[in-house]
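K.L.:
One structure, pasted below without further comment.
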Amino acid sequence: MIRFSKILFYTTIVILLFWLIPWSYNFFVARPQKSPFTLYSSVINDFAILDKSDKGMIRTDAKGNRYTEAQFDSILPMFYFRQLVSDGRFPDTLNNIALTPKRIQTENFIFRLNPQDVNTKKIPLYPLLESMSGRVDLKMPDDMFRITSKEIQFIDMASNEIDNAKSALYTEALLKKGFRFPANIISGNPTTRKDYDEGYLLTDKEGQLFHFKQVKGRPFVRKIDMPKHISIKHIFLTEFKNRKYHAFLTDSENKLYALLTKSYTFQSIPIVSFNPEKERISIFGNLFDWTINISGEFKNQYYAIDAKEFKLLKSMEYPLQEETLAEKIDKWMPGISFISSLNKEVFPTF
């Protein structure tokens with residue numbers, strides 16, 4: 009017994025050292041990868057860059073031209089529109105398009121995603137909100153649904169019992185539209201903190217795409233035609249105020265698409281690639297353009313996309329910091345880690 013206790017004690021010490029030494033080393037030598045705040049400007053047709061220095065904030069464009077704070081606000085009227093309204097400098101038109109603060113507020117959107125959001129396992133229970141309740145505020149339902157290998161089941165949260173009648177009704181609605189159980193992807197935005205609800209986008213076992221929601225207490229199911237060359241891997245429902253886009257999607261080749269709301273058509277986004285399992289993305293969209301930033305271990309790229317025609321306007325890339333000798337040693341140092349920047353799980357990895 010004493011021998012076993014000693015073995016356990018020393019094994020624990022070794023494991024702790026394998027975790028603590030690399031962690032401590034990383035804590036002292038790691039440097040955060042930072043890049044300046046960057047947005048595309050449809051006023052100057054170039055990237056506007058806000059960076060910090062020892063002397064304060066520096067405002068430039070990609071060509072190196074400098075701007076005062078007021079000038080910087082003016083070249084980014086979609087982003088700083090509140091400040092321009094306060095200063096009495098808000099433009100009536102831009103590129104021959106009439107502008108109002110309300111229109112800008114409706115058209116502006118921000119989309120952010122990091123690998124932790126994608127890789128962390130989720131509980132396979134989902135609320136189905138009423139999309140047309142007639143009320144301004146959305147309300148959480150009293151039940152949750154799950155999709156099994158044969159059907160969709162609605163479970164009452166108070167009694168923990170399956171609502172067989174509702175389950176049969178919604179299962180039949182899915183089957184009539186050609187859905188093949190089980191579901192492969194279930195993507196929604198299950199919260200009441202939004203302006204409206206569009207339910208879920210689903211893919212079945214054959215990779216077919218469906219729009220699924222509840223309208224006036226009844227199931228709404230629409231099969232969405234997909235280009236044959238697209239094999240969907242990830243879906244991110246958006247529900248922006250402008251209601252122009254159902255979702256952003258990526259395929260097996262890490263290409264990015266937007267699913268348009270009215271036509272249910274796929275719009276390819278002209279970027280090189282995006283792997284949501286390993287890379288971060290942010291999209292600042294407005295009436296005229298989108299600024300897309302994709303960053304990861306090996307890249308920090310910016311793309312400016314025309315918001316109407318979805319063509320590439322401009323692109324740029326910030327060079328990554330060159331690794332120091334200490335950082336190279338840290339990368340190859342053996343040890344144990346319990347957390348990762350790619351997910352939210354606590355699990356030992358070597």
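Counting with the working numbering, you get residues 9 to 358 for the letters of the sequence shown. Don't be surprised by glycine CBs; every beta carbon is placed ideally from N, CA and C. Predicted model only: the values in this text are computed from it and were never measured.
#1: Can you tell me where the beta strand (DSSP E) with L2 in it begins and where it stops?
#2: So, helix, strand or coil for I193, using DSSP?
#3: Rounded to the nearest angstrom, what separates D338 and Y311 at their Cα positions?
#4: Thinking just about the alpha-carbon of each residue, which of V93, F218 and N103 is nearest to the one in F189?
#5: For Y208 and S195, I'd like the C-alpha separation in whole angstroms.
#6: Output the boundary residues of the alpha helix (DSSP H) element that contains A176.
#7: Using the rule of at least 16 other Cβ atoms within 10 Å of the residue's Cβ for burial, across every protein chain shown, is G293 buried or exposed?
#8: Return the residue from the list P327, S323 and G304 that minimises the CA-CA distance to P123.
#9: If we ignore side chains and look at the alpha-carbon of each, how far apart do Y268 and A56 end up?
#10: For the putative contact between R154 and P132, defined by C-beta atoms under 8 Å, what is the C-beta separation to the nearest angstrom?
#11: Quick check: the Cα distance between M152 and Y178, rounded to an integer number of angstroms?
#12: So does the segment 258-265 actually touch the segment 237-248, counting three or more Cβ pairs closer than 8 Å?
#13: Hey, which unbroken runs of the beta strand (DSSP E) at 3 residues or more fall wholly within the segment 198-260?
#14: Can you give me the start and stop residues for the beta strand (DSSP E) that S141 sits inside?
#15: Kindly list the residues whose CB is nearer than 6 Å to the CB of G186, restricted to its own chain and excluding five residues on each side of it in sequence; keep chain order.
#16: Leaving out five residues on either side along the sequence, give the residues of the same chain with a beta carbon under 8 Å from the beta carbon of K184.
#17: Return the chain-ordered list of same chain residues with a C-beta closer than 8 Å to the C-beta of L245, the five sequence neighbours on each side being excluded.
#18: State the Cα-Cα distance for the pair D297 and S43, rounded to the nearest angstrom.
#19: Using the C-alpha atoms, what's the distance from T46 back to P278?
P.N.:
Looking at the atomic coordinates:
#1: An answer regarding residue 2 cannot be provided, because it is not within the stretch 9 to 358 covered by the chain.
#2: strand
#3: For D338, the pLDDT reaches just 49, beneath the cut-off of 50, and the residue's location in the model is therefore unreliable, leaving the point undetermined.
#4: Of the listed residues, the one whose Cα sits closest to F189 is F218.
#5: 5 Å
#6: N172 to K184
#7: buried
#8: Among P327, S323 and G304, the Cα nearest to that of P123 is on G304.
#9: For the record, residue 268 in the displayed sequence is Leu; it is not Tyr. So the two alpha carbons sit approximately 28 Å from each other.
#10: 5 Å
#11: 13 Å
#12: yes
#13: List check, beta strand (DSSP E) in window: 208-212, 217-223, 226-232, 240-245 and 253-259.
#14: Taken as a continuous stretch (DSSP letters only), S141 belongs to no beta strand (DSSP E), as it is neither H nor E.
#15: K231
#16: These residues qualify, in order along the chain: V229.
#17: S195, G196, N197, E206, Y208, L209, H254 and A255
#18: 21 Å
#19: 19 Å
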